[in-house]
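Okay, so the sequence shown: first residue is 26 according to our numbering, each after it adds one.
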Amino acid sequence: MFSRLITVSQPRPSLQPSTRRRSRLVHVLSGLMTFIRHCGYHARTAMLFTASDLKTILLPISAFACATAPLCSFDRLLRALIWTWIHQFMCNVSNQARTRLEDAVNKPWRPLPAGRITERQAFVLRWVTVAAAFGCSALHGGDLMLTTLGLLLTTFAYDELGLAGHLIGKSICNIGGYTTLEIGATKLMGATRDLDNVSATAVCISGALICTTIQAQDFADVEGDAILGRKTFPIYAPEFSRIATVTAISVWSLFLASFWGIGSVCGAIFVVFGSFVGSRFYSLRGPDDDELSYVLYNVSKICTIMLVARSTLRALPQVWLTMVHIMPNHARTGLFTF
């Protein structure tokens with residue numbers, strides 16, 4: 026016979042109150058750190074969506090609004106920057122949700138090709154950003170909501186209706202996108218929501234300038250656009266598109282210096298710089314060269330804006346499209362009289 030072993034369970038010692046509190050604190054801190062890491066991850070993802078267009082959209086648009094409104098307070102500057110970034114984010118997510126293959130070639134660090142977000146999540150985020158943009162505009166009035174609606178329709182036509190792959194359609198969408206952003210930012214930046222003659226003229230000139238020079242953004246992306254079957258100007262007419270770009274930038278530089286009546290020294294500097302930027306597109310044709318040329322094209326747009334506060338003269342070293350956007354300020358302050 027086998028003897029039966031009887032196990033008597035011993036009562037577990039209870040934790041001291043201080044130990045329980047420490048355990049809860051560790052658990053709360055662990056959850057908080059996890060939450061912070063997740064927030065940091067998603068914030069970085071959002072910045073990666075917008076990173077490549079900060080210098081081509083946020084900077085020129087903000088400079089344009091500061092110069093043409095003109096800027097009346099730091100609070101309005103902050104509101105305009107936030108409004109512009111949220112709307113840029115909406116456009117970026119909409120565009121990149123459909124260009125994973127292109128970005129894998131041209132910009133593999135973007136969220137979709139980098140694997141930070143799935144296509145399904147990107148499509149959901151696309152409409153979340155639309156709601157965020159309308160919500161942001163609603164805080165500032167119905168006129169801003171109409172601006173958001175205009176940008177949404179432009180983005181929808183560009184991405185969902187496929188106008189991004191058509192020469193004329195793409196130009197029309199780019200005009201609509203830039204001008205709606207400029208109108209919205211200018212309304213937020215100034216002391217009044219109404220666009221006066223200087224502001225309205227500056228927006229119209231900006232739209233025409235974008236129409237004739239926007240192909241500058243496509244030279245560096247020829248390989249990716251070809252994979253997607255897009256017919257951009259540089260793909261459709263490789264040589265003529267470069268001739269057209271250097272010609273347009275040079276002619277616009279001469280016209281704007283004359284139209285805004287800037288001083289001879291500033292005018293000469295602006296025309297020479299515009300000719301330099303245009304000549305880079307024609308003579309330097311590697312992807313990296315085209316990318317740098319496009320950066321110079323956008324930074325110089327700030328200078329156009331500088332023409333509508335002498336205080337912004339310090340932005341000159343930062344660079345044609347931005348210079349262009351600053352020029353209207355000369356009409357208000359005589360910024361470039363020398």
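Every residue, glycine too, gets a C-beta built ideally from N, C-alpha and C. Being a predicted model, the structure only gives us computed values, none of them experimental.
Apart from the five residues on each side of it in sequence, which residues of its chain come closer than 7 Å, Cβ to Cβ, to residue 316? Within the sequence shown, numbered from 1, the residue matching residue 316 stands at position 291. The residues are 245.
Would you mind sorting residue 99 into buried or exposed? The rule is 16 or more other CB atoms within 10 Å of its CB. Stepping through the sequence shown from its first residue, residue 99 is reached at position 74. Label assigned to residue 99: exposed.
What is the DSSP secondary structure of residue 263, counted as helix, strand or coil? As a position in the sequence shown, residue 263 is number 238, starting the count at 1. Helix, per DSSP.
What residue does the alpha helix (DSSP H) around residue 197 start on, and which one ends it? Taking the first residue of the sequence shown as 1, we reach residue 197 at position 172. Element bounds for residue 197: 192-214.
Would you give the residue range spanned by the alpha helix (DSSP H) that residue 112 belongs to? As a working note, residue 112 is residue 87 in the sequence shown. First-last of the alpha helix (DSSP H) with residue 112: 99-121.
Considering only C-alpha positions, which residue in the set 299, 309, 160 and 171 is nearest to residue 282? Along the sequence shown, read from residue 1 onward, the residue named residue 282 stands at position 257. Per the Cα distances, 299.
Is the separation between the beta-carbon of residue 145 and that of residue 214 shorter than 7 Å? One-based indexing of the sequence shown puts residue 145 at position 120. One-based indexing of the sequence shown puts residue 214 at position 189. It is not a contact, given that the beta carbons lie outside the stated cut-off.
Measure the alpha-carbon distance for residue 209 versus residue 171 and round it to whole angstroms. Locating residue 209 in the sequence shown gives position 184, where the first residue counts as 1. Locating residue 171 in the sequence shown gives position 146, where the first residue counts as 1. If you take the alpha carbons of residue 209 and residue 171, they lie about 9 Å apart.
Does the beta-carbon distance from residue 124 to residue 83 come in below 7 Å? Against the sequence shown, residue 124 aligns to sequence position 99. Against the sequence shown, residue 83 aligns to sequence position 58. Result no, Cβ atoms of residue 124 and residue 83 do not sit closer than 7 Å.
Reduced DSSP secondary structure (H/G/I, E/B, other) of residue 63: Mapped onto the sequence shown, residue 63 falls at position 38. Residue state, collapsed to three classes: helix.
Does the distance from the CB of residue 346 to the CB of residue 85 come in under 7 Å? In the sequence shown, the residue the question calls residue 346 occupies position 321. In the sequence shown, the residue the question calls residue 85 occupies position 60. Going by C-beta atoms, residue 346 is nearer than 7 Å to residue 85.
I'd like the span of the alpha helix (DSSP H) that includes residue 85, first residue to last. Residue numbering aside, residue 85 sits at position 60 when the sequence shown is read from its first letter. Residues 84-93.
Drop a sphere of 10 angstroms on the beta-carbon of residue 97, count the other beta-carbons inside from all chains shown, and report buried for 16 or more, exposed for fewer. In the sequence shown, the residue the question calls residue 97 occupies position 72. Exposed.
Every unbroken alpha helix (DSSP H) inside the segment 137-193 [4 residues or more]: 144-163 and 167-184
So what's residue 285 in DSSP terms, helix, strand or just coil? In the sequence shown, the residue the question calls residue 285 occupies position 260. Correct three-state label for residue 285: coil.
Could you tell me which of 226, 259 and 251 sits nearest to residue 403, measuring between CA atoms? Absent from the model: residue 403. The displayed extent of the chain is 26 to 363, so no value can be given.
What three-state label does DSSP hand residue 243 in the structure shown? Residue 243 sits at position 218 when you count from the first residue of the sequence shown. Coil.
Quick one, which of 238, 223 and 251 has its alpha-carbon nearest residue 196's? Taking the sequence shown and counting its residues from 1, the one referred to as residue 196 is at position 171. It is 238 whose Cα lies nearest to the Cα of residue 196.
Taking Cβ to Cβ, would you say residue 117 is nearer than 7 Å to residue 74? Position 92 of the sequence shown, counting from 1, holds the residue named residue 117. Position 49 of the sequence shown, counting from 1, holds the residue named residue 74. Yes, the pair counts as a contact, with Cβ atoms nearer than the cut-off.
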